[in-house]
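Chemist:
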Amino acid sequence: MSDRTFQADVVVAGGGLAGIVTAFELLEHGKSVVLIDKDTQDRFGGLARESFGALHLIGTTHQRRMGIADSADLAFRDWERVAHWGPEDEWPRRWARLYCDRSLDLIAAFVEQKGVQFLPMVNWAERGLLQPANSVPRFHIAWGTGHEIVHRVVLALDAHPRRESLQVVFDAEVSEVEVTAGRATAVVGRFMDGSGTFRAAGEHIVIASGGICGGDMSKLRANWYKPWGEPPKILLNGAHRYADGLLHDKVAALGANVTHLDKQWHYAAGVFHPAKRRPYDGLSLVPPRSALWLNALGERIGPMPLVGYTDTRYLVESILRQPGQYTWQVLNRKIALKELAVSGCDFMTAFRYKKKLLLLENLAFGDKALVDRLIAECPDDFVVGQTLPDLVAGMNRRGLDGLQVNLETVQAAIAEYDAQIDRGEVYFTDEQLRRLQHFRRYRADRLRLCKNQKILDPAAGPLIAIREFILARKSMGGIQTDMQCRALRADGTPLPGLYAVGEAAGFGGGGIHGLGSLEGTFLGSCILTGRVAGRAIAGAPS
128 MSDRTFQADV VVAGGGLAGI VTAFELLEHG KSVVLIDKDT QDRFGGLARE SFGALHLIGT
188 THQRRMGIAD SADLAFRDWE RVAHWGPEDE WPRRWARLYC DRSLDLIAAF VEQKGVQFLP
248 MVNWAERGLL QPANSVPRFH IAWGTGHEIV HRVVLALDAH PRRESLQVVF DAEVSEVEVT
308 AGRATAVVGR FMDGSGTFRA AGEHIVIASG GICGGDMSKL RANWYKPWGE PPKILLNGAH
368 RYADGLLHDK VAALGANVTH LDKQWHYAAG VFHPAKRRPY DGLSLVPPRS ALWLNALGER
428 IGPMPLVGYT DTRYLVESIL RQPGQYTWQV LNRKIALKEL AVSGCDFMTA FRYKKKLLLL
488 ENLAFGDKAL VDRLIAECPD DFVVGQTLPD LVAGMNRRGL DGLQVNLETV QAAIAEYDAQ
548 IDRGEVYFTD EQLRRLQHFR RYRADRLRLC KNQKILDPAA GPLIAIREFI LARKSMGGIQ
608 TDMQCRALRA DGTPLPGLYA VGEAAGFGGG GIHGLGSLEG TFLGSCILTG RVAGRAIAGA
668 PS
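The sequence shown begins at 128 in my numbering and counts up by one.
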């Protein structure tokens with residue numbers, strides 16, 4: 128017997144962005160909703176509220192204003208190129224096609240109607256390294272970061288004319304899905320404070336509980352992508368603290384087809400989070416592109432140099448083959464001021480708090496507050512030295528598993544790089560320098576990228592070295608769904624009454640991204656699947 132009971136037309140298990148959007152859409156179409164979130168009320172919105180808050184959008188007015196010609200067909204070709212779907216991935220393909228066709232009305236219009244604004248400069252993430260990825264810029268940064276997106280959607284939810292038809296239950300863990308006569312009819316669970324249990328019943332059950340990458344790292348490791356070999360001993364946690372895959376297991380036991388859990392999206396430039404909120408708590412840096420990327424021995428990683436904004440999966444794969452499976456980026460203060468950023472809202476003050484003058488100041492003179500804060504608060508991963516020998520000595524005090532950086536090796540790599548800059552652009556043969564030249568031809572990148580900056584430039588010091596680890600972020604597989612977000616069995620038939628959205632559904636179809644992401648597609652897919660599910664359950668056209 129449960130201590131508390133709830134009843135509504137629809138029960139949504141999970142209060143991240145996908146769950147919130149689903150609830151809003153259901154209210155829009157006359158349904159009553161119980162939304163159950165394991166987290167506290169102040170964390171409503173899940174990982175999305177901590178994110179940098181960018182959306183992958185196609186054919187926007189911002190693109191047209193910048194002279195960017197884009198189309199759904201071009202975007203889908205790019206998506207397909209990085210996804211590497213197999214012949215069995217028909218549902219992921221169809222979801223990706225829907226995203227490309229409907230990003231304006233189902234995603235962009237939804238948040239803009241809630242008051243979210245985008246920066247006028249469209250950024251160009253994931254350009255591709257060995258093959259093209261995003262053929263054109265599509266990375267639309269929300270003014271106010273992911274926190275603003277969640278804040279605006281929650282405000283709209285609370286102000287909805289049918290708000291009385293919504294019950295939100297916080298601090299409550301869903302642990303089981305009940306099935307009656309072959310149909311999902313309820314969820315049961317416990318309150319996190321130990322005050323008892325609950326049961327929530329409805330005609331439809333929506334799983335919006337996130338992925339497998341944050342709450343239980345053992346599950347992530349058990350589903351590690353086998354071609355990568357063994358996962359690193361130090362794997363930083365940059366996902367949501369309750370992303371434990373519990374409901375993946377529960378619905379799989381009911382017959383739902385859970386696919387592609389080994390398809391995971393990790394970042395290459397993680398450092399230990401100064402807040403230390405949990406074991407191996409990680410902070411994801413946006414890696415400075417003018418820095419030299421070295422392995423734990425001080426060797427420049429190659430033959431293709433590692434450069435951010437190109438192919439994140441390639442960066443991760445390359446680092447996993449290096450000694451110790453961690454790396455160093457070596458740069459100077461001038462580069463750090465211009466190029467260093469954090470993939471999250473809390474450290475990006477100008478973006479998070481919408482301070483236009485501060486943003487302009489940072490673009491003109493560099494983000495001094497951010498660089499100084501990271502150096503002060505992450506002393507194990509940030510090393511500062513006035514000379515290269517001093518820097519290497521500091522790096523070696525932080526070496527792991529007995530691995531030590533060789534001073535002569537680092538010196539030779541930097542000398543070769545700096546010498547090419549001295550010779551002039553016409554003589555660049557270094558692939559990193561050639562890519563940086565290309566990046567600077569796009570005006571949004573030119574604002575955040577040094578021009579031919581030498582590492583050992585005395586006027587640009589002091590020197591900085593950043594120790595970086597692989598940081599776990601997203602699981603790209605999940606509960607397989609059809610185009611109505613209905614959870615599917617292995618034979619392709621739907622499980623009556625059961626739906627999945629957001630990361631729990633692999634962002635659509637059990638793996639909309641395949642192997643790779645074009646970035647900005649995670650938040651976008653949460654909005655897309657939430658809206659589609661709400662409309663499908665209500666019988667409204669999408």
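Even for Gly, the Cβ is constructed at its ideal location relative to N, Cα and C. Since we're looking at a predicted model, the values are computed, not measured.
#1: Among residues of its own chain, excluding the 5 on either side of Arg221, which ones have a beta-carbon nearer than 7 Å to its beta-carbon?
#2: To which residues of the same chain is Glu552 closer than 6 Å at the C-beta, ignoring the five residues directly before and after it?
#3: For Thr656, does the count of other Cβ atoms within 10 angstroms reach 16, so buried, or fall short, so exposed?
#4: Which runs of the beta strand (DSSP E) spanning at least 3 residues fall entirely within the stretch 331-417, listed in chain order?
#5: So, using beta-carbon positions, are Gly172 and Val277 closer together than 8 Å?
#6: Determine whether the beta carbon atoms of Thr439 and Tyr394 lie at a separation below 8 Å.
#7: At which residues does the alpha helix (DSSP H) containing Gln190 begin and terminate?
#8: Distance check for Arg662 and Pro568, CA to CA, integer angstroms please.
#9: Determine the extent of the alpha helix (DSSP H) in which Asn489 is found, giving its start and end residues.
#10: Taking the alpha-carbon positions, what's the Arg326 to Val138 distance?
#11: Let me know the alpha helix (DSSP H) ranges lying completely inside the stretch 254-298, each 4 residues or longer, listed in chain order.
#12: So, helix, strand or coil for Phe474, using DSSP?
#13: Report the residue from Arg525, Leu144, Arg427 whose alpha carbon sits nearest the alpha carbon of Leu650.
#14: Tell whether a beta-carbon distance below 8 Å holds between Ile185 and Asp166.
#15: CB-CB under 7 Å to Leu388, same chain, minus the five flanking residues each way: which ones, in chain order?
#16: Per the DSSP calculation, Ala627 is bridged to which residue(s)?
#17: Give the secondary structure of Ser302 by DSSP, where H, G and I count as helix, E and B as strand, and everything else as coil.
#18: Give a yes or no on whether the C-beta atoms belonging to Ala540 and Gln391 are separated by under 8 Å.
#19: Sorted by chain position, which residues of the same chain lie with C-beta nearer than 7 Å to Phe266's C-beta, five sequence neighbours on each side aside?
#20: Give every residue of the same chain whose Cβ lies closer than 7 Å to the Cβ of Ile582, excluding the five residues on either side of it in the sequence, and list them in chain order.
#21: Could you round the C-beta distance between Ile334 and Leu282 to whole angstroms and report it? I think they count as a contact, below 8 Å.
#22: Excluding five sequence neighbours on each side, which residues of the same chain lie with their C-beta closer than 8 Å to the C-beta of Trp455?
#23: Beta-carbon within less than 8 Å of Pro623's beta-carbon, same chain only, minus the 5 sequence neighbours each way: which residues are those?
#24: Please classify Ala236: is it buried, with 16 or more other beta-carbons within 10 angstroms of its beta-carbon, or exposed?
#25: Going straight from the alpha carbon of Leu433 to that of Thr556, what length do you get?
#26: Count Cβ pairs between the stretch 291-299 and the stretch 475-482 that sit closer than 8 Å; are there 3 or more?
#27: Taking three-plus beta-carbon pairs below 8 Å as touching, is the stretch 406-414 in contact with the stretch 362-382?
#28: If you measure from the beta carbon of Thr536 to each beta carbon in chain C, is any gap under 8 Å?
#29: Helix, strand or coil for Ala614, going by three-state DSSP, please let me know.
#30: Thinking just about the alpha-carbon of each residue, which of Glu330, Gly141, Ala140 is nearest to the one in Ala665?
#31: Cβ atoms of Arg658 and Leu233: under 8 Å apart, would you say?
#32: Give the single residue among Leu590, Trp212, Tyr453, Arg525 whose Cα lies nearest to the Cα of Gln538.
#33: With distances taken from CA atoms, which of Gln190, Gly382, Lys241 is nearest Gly626?
#34: Closest to Gly341 by C-alpha separation, out of Thr324, Pro516, Gly372, would be which residue?
Modeler: Well, looking at it:
#1: Stepping through the sequence shown from its first residue, residue 221 is reached at position 94. Taken in chain order, the residues that qualify are Met610, Gly636.
#2: Working through the sequence shown from its first residue, we reach residue 552 at position 425. Nothing listed; no residue qualifies.
#3: In the sequence shown, counting from the first residue as 1, residue 656 sits at position 529. Label assigned to Thr656: buried.
#4: 331-334, 391-399, 409-413
#5: As a working mapping, residue 172 is identified with position 45 in the sequence shown. As a working mapping, residue 277 is identified with position 150 in the sequence shown. Contact flag set, yes.
#6: In the sequence shown, counting from the first residue as 1, residue 439 sits at position 312. In the sequence shown, counting from the first residue as 1, residue 394 sits at position 267. Thr439 is a Cβ neighbour of Tyr394, given a cutoff of 8 Å.
#7: Position 63 of the sequence shown holds residue 190. Unbroken alpha helix (DSSP H) run through Gln190: 188-192.
#8: For the purposes of this step, residue 568 is identified with residue 441 of the sequence shown, where counting begins at 1. For the purposes of this step, residue 662 is identified with residue 535 of the sequence shown, where counting begins at 1. Correcting the residue type first, residue 568 is Arg in the shown sequence and not Pro. Cα to Cα, Arg568 sits roughly 43 Å from Arg662.
#9: Locating residue 489 in the sequence shown gives position 362, where the first residue counts as 1. Per DSSP, Asn489 belongs to the alpha helix (DSSP H) from 483-492.
#10: Working through the sequence shown from its first residue, we reach residue 326 at position 199. Working through the sequence shown from its first residue, we reach residue 138 at position 11. One C-alpha to the other measures close to 10 Å.
#11: For the stretch 254-298, whole alpha helix (DSSP H) runs of length 4 or above, ordered along the chain, are 272-285.
#12: For the purposes of this step, residue 474 is taken as the residue at position 347 of the sequence shown. In the structure shown, Phe474 sits in coil (DSSP, three-state: anything other than H, G, I, E or B).
#13: If you number the sequence shown from 1, residue 650 lands on position 523. When each option's Cα is compared against that of Leu650, the closest is Leu144.
#14: Position 58 of the sequence shown, counted from the start, is the residue given in the question as residue 185. Position 39 of the sequence shown, counted from the start, is the residue given in the question as residue 166. No, Cβ-Cβ distance for Ile185 and Asp166 is not below 8 Å.
#15: Here the question's residue 388 lines up with position 261 in the sequence shown. The residues are Ile339, Asn350, Ser602, Gly604.
#16: Within the sequence shown, residue 627 is the residue found at index 500, counting from 1. Partner(s): Ile334.
#17: Walking along the sequence shown from the start, residue 302 turns up at place 175. Residue state, collapsed to three classes: strand.
#18: Position 413 of the sequence shown, counted from the first residue, corresponds to residue 540. Position 264 of the sequence shown, counted from the first residue, corresponds to residue 391. Going by C-beta atoms, Ala540 is not nearer than 8 Å to Gln391.
#19: Taking the first residue of the sequence shown as 1, we reach residue 266 at position 139. Within the same chain, Phe266 has close Cβ partners Ala181, His183, Val249, Asn250, Trp251, Ala252, Glu646, Gly647.
#20: Here residue 582 refers to the residue found at position 455 when the sequence shown is read from its first residue. Correct list, in chain order: Leu419, Val457, Leu458, Asn459, Ile541, Tyr544, Asp545.
#21: Within the sequence shown, residue 334 is the residue found at index 207, counting from 1. Within the sequence shown, residue 282 is the residue found at index 155, counting from 1. Going by Cβ atoms, the distance from Ile334 to Leu282 rounds to 25 Å, so no, they are not a contact pair.
#22: To locate residue 455, count along the sequence shown from 1; it is residue 328. If we look at Trp455 and ignore the five residues flanking it on each side, its Cβ neighbours are Trp420, Leu421, Asn422, Ala423, Gly425, Met522, Val532, Ala592, Ile593, Arg594, Glu595.
#23: To locate residue 623, count along the sequence shown from 1; it is residue 496. Result list for Pro623: Gly309, Arg310, Ala311, in chain order.
#24: Counting from one through the sequence shown, the residue named residue 236 turns up at place 109. So Ala236 ends up on the exposed side.
#25: Here residue 433 refers to the residue found at position 306 when the sequence shown is read from its first residue. Here residue 556 refers to the residue found at position 429 when the sequence shown is read from its first residue. Distance between the alpha carbons of Leu433 and Thr556: 15 Å.
#26: no
#27: yes
#28: Included in the structure is just one protein chain, with no chain C present.
#29: By 1-based counting over the sequence shown, the position of residue 614 is 487. Strand.
#30: The sequence position of residue 665 within the sequence shown is 538, counting from 1. Looking at the Cα atoms, Glu330 is the closest of the given residues.
#31: For the purposes of this step, residue 233 is taken as the residue at position 106 of the sequence shown. For the purposes of this step, residue 658 is taken as the residue at position 531 of the sequence shown. With a cutoff of 8 Å on beta-carbon distance, Leu233 and Arg658 are scored as near each other.
#32: Your numbering for residue 538 matches position 411 in the sequence shown. Among Leu590, Trp212, Tyr453, Arg525, the Cα nearest to that of Gln538 belongs to Leu590.
#33: Within the sequence shown, the letter at position 499 stands for residue 626. Per the sequence shown, residue 626 should be read as Tyr rather than Gly. Answer by Cα proximity: Gly382.
#34: If you number the sequence shown from 1, residue 341 lands on position 214. Out of Thr324, Pro516, Gly372, Gly372 has the C-alpha closest to the C-alpha of Gly341.
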